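In this note's numbering, the protein residues as written are 1262 to 1413. All residues carry an ideal CB built from backbone N, CA and C; glycine is no exception. Note that the coordinates shown come from a computational prediction; the quantities given were computed from them, not determined experimentally. Structure record follows, encoded as structure tokens.
Right, dumping it as structure tokens:
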């Protein structure tokens, strides 16, 4: 949220210190979105080696990607406003079509927090320009990893 305000992105993303492991990253889930998750509940999908040059900085990451099957309703999430300004869901097939170019927009549903701290419901269509400007290969890699896991 801080780097790209008002753009859609993943959440519970953790930047680990050199002395930390991916096991330490689970704490961010509780801090950012307010639900308890144990590391054993996460399904490891793989690591994305991500490099991107933008105005004024170079972003180099090794992103450990996990899935979490949740029985939570969207109302169960309590967001840390300094980190997360809303929560939405999207149909995977629709998301894939957005990033392969088959569709220009995708329907998102969820909520965002207004300036008073109240939830405002969202049900609208968004295009690629409303997502954090990662390379298309980043989104394509995540979709591929999810698809591979679902095929098991």
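At what residues does the beta strand (DSSP E) containing residue i begin and finish?
i: residue 1385; result: 1380-1387
i: residue 1310; result: 1304-1315
Can you give me the Cβ contacts of residue i inside the same chain, cut-off strictly under 7 angstroms, excluding the 5 residues immediately before and after it?
i: residue 1396; result: 1313
i: residue 1402; result: 1309
i: residue 1327; result: 1303, 1304, 1305 and 1306
i: residue 1262; result: Annotation note: pLDDT 44 at residue 1262 (below 50); position unreliable, no value reported.
So is residue i buried or exposed if we call it buried at 16+ other beta carbons inside 10 Å?
i: residue 1382; result: exposed
i: residue 1369; result: buried
i: residue 1357; result: buried
i: residue 1290; result: buried
i: residue 1272; result: buried
If you measure between the beta carbons of residue i and residue j, is that distance less than 8 angstroms?
i: residue 1384; j: residue 1367; result: no
i: residue 1404; j: residue 1338; result: no
i: residue 1387; j: residue 1269; result: yes
i: residue 1265; j: residue 1393; result: yes
Which same chain residues, not among the five before or five after residue i, have their C-beta less than 6 angstroms away from its C-beta?
i: residue 1292; result: 1341
Leaving out five residues before and five after residue i in sequence, what residues of the same chain have Cβ atoms less than 8 angstroms from its Cβ?
i: residue 1331; result: 1296
I need the boundaries of the alpha helix (DSSP H) containing residue i, first residue and last residue.
i: residue 1287; result: 1287-1294
- request: Give, in chain order, every unbroken run of the beta strand (DSSP E) that is at least 3 residues long and sits entirely within the region 1331-1396.
  value: Every beta strand (DSSP E) of 3 residues or more that sits fully in the region 1331-1396 is shown, in chain order, as 1347-1350, 1367-1374 and 1380-1387.
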